[in-house]
Amino acid sequence: MVVEILSAVAVAGGAWLAASLRVVKQYERGLVFRFGRVRPAIREPGLALLVPIADRLQKVNMQIVTMPIPAQDGITRDNVTVRVDAVVYFKVIDPVLAAVNVQDYRSAVGQVAQTSLRSIIGKSDLDDLLSNRERLNEGLELMIDSPALDWGIHIDRVEIKDVALPESMKRSMSRQAEAERERRARVISADGELQASHKLSQAAATMADTPAALQLRLLETVVQVSAEKNSTLVLPFPVELLRFLDANTPKREAPSGDTAANGQVAPAPREPGDVGQVS
């Protein structure tokens, strides 16, 4: 009889112990609701002892949650239609607020993130969305973090993943980029010609002071051209040498005879016996 009573007590004690013990994992925190009221003491990881029937344990995950924001269509401040998606990283910092103040904090953070993303698209230019994302990420993080603090949620970071543009806008941007590259190429070419003209001007001034330098440059040009094994050689001839030869060449004398007023030489008088003369 005594053995049966002890066995019944042992079974009852084991059932009570099994009903009152809970395991809280390392990345979780436990909230105890006693008759529907949350206890201020948060159960740390390990074994948690509860009062059967009176207590109910709710576990809250404290890990960082990665939540993708669905792509949102919007119009930028400079009237360009874009489609932007992002990702939010957040975690629970106050389990009591996360369990009591909001019914589903994941869904709440997702809705706030979508609304904030639409708002940030309307306040930004297309150039900011494409090249200045760090500042937009910070502004988006502040917009989401403000209401999330009342829910015991901390927004760790927000990043804009992709900005999708219409095909017509992509073609326009491609043409603009091509025109910009052509403009830069022309400016660089003109700048190179300007620098070359300055160098040529300096070289011309140097050669003017030293005439022998021009002859040396001429010989160097001849050597460069002849090295290509060409059959035709174009050799520039100095004009000064032509003038020297013209000045030192004796001129041919004009034939004798009177010169008419119009610049023609008059014919010599014929003798009486010449043919064709009338006697």
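The sequence shown runs 22 to 300 under our numbering.
Ideal Cβ positions, reconstructed from N, Cα and C, are used throughout, including at glycine.
The structure displayed is predicted, hence computed values, not measured ones.
Please look up how many angstroms separate the CB atoms of residue i and residue j, rounded, as I've assumed it's under 8 Å.
i, j, result
"V86", "K112", "6 Å"
"V109", "V179", "5 Å"
"M164", "S137", "4 Å"
"R139", "G173", "Contact flag wrong, Cβ pair sits at about 25 Å."
"A123", "V59", "The amino acid occupying residue 123 in the given sequence is Val; Ala does not appear at that position. In fact, because the Cβ distance is near 14 Å, the residues do not count as touching under 8 Å."
"I181", "Q135", "About 13 Å separates the two Cβ atoms, so there is no contact after all."
"V101", "M190", "6 Å"
"V105", "I63", "Not quite, the Cβ-Cβ distance comes to about 38 Å (not below 8 Å), so this is no contact."
Tell me which residue opens and which closes the alpha helix (DSSP H) that residue i is part of.
i, result
"I165", "154-169"
"M190", "188-230"
"T102", "Note, T102: premise wrong, no alpha helix (DSSP H); beta strand (DSSP E) at 102-113."
"I176", "Not the alpha helix (DSSP H): I176 falls in the beta strand (DSSP E), residues 174-185."
"R139", "126-143"
Buried or exposed for residue i, going by 16 or more other Cβ atoms inside 10 Å?
i, result
"L42", "exposed"
"Q84", "exposed"
"V133", "buried"
"E162", "buried"
"Y126", "buried"
"Q245", "exposed"
"V72", "exposed"
"A234", "exposed"
"Q93", "buried"
"T97", "buried"
"V103", "buried"
"V208", "exposed"
"A198", "exposed"
"D279", "With a pLDDT of 48 at D279, under the threshold of 50, the predicted position of this residue should be treated as unreliable, though the coordinate-derived value follows. Counting Cβ neighbours within 10 Å, D279 comes out exposed, since fewer than 16 surround it."
"A268", "exposed"
"I26", "exposed"
"V260", "exposed"
"V296", "Since pLDDT at V296 reaches only 43, below the 50 mark, its modelled position is unreliable, and no value is offered."
"A229", "exposed"
Which residue comes first and which comes last in the beta strand (DSSP E) that contains residue i?
i, result
"P89", "86-96"
"A120", "Note, A120: premise wrong, no beta strand (DSSP E); alpha helix (DSSP H) at 116-121."
"A69", "67-70"
"G51", "49-55"
"D76", "76-82"
"R64", "That residue, R64, is in no beta strand (DSSP E); it is neither H nor E in DSSP."
Under 6 Å: does the beta carbon of residue i sit that close to some heavy atom of the ligand ZN?
i, result
"M88", "No copy of the ligand ZN occurs in the structure displayed, which carries no ligand at all."
Does the contact criterion of 3 or more C-beta pairs under 8 Å hold for the region 140-160 versus the region 108-124? no
Pairs of beta-carbons, one from the region 50-61 and one from the region 70-85, closer than 8 Å: are there three or more? yes
With a threshold of 8 Å, are at least 3 pairs of Cβ atoms found where one atom belongs to the region 155-163 and the other to the region 55-69? no
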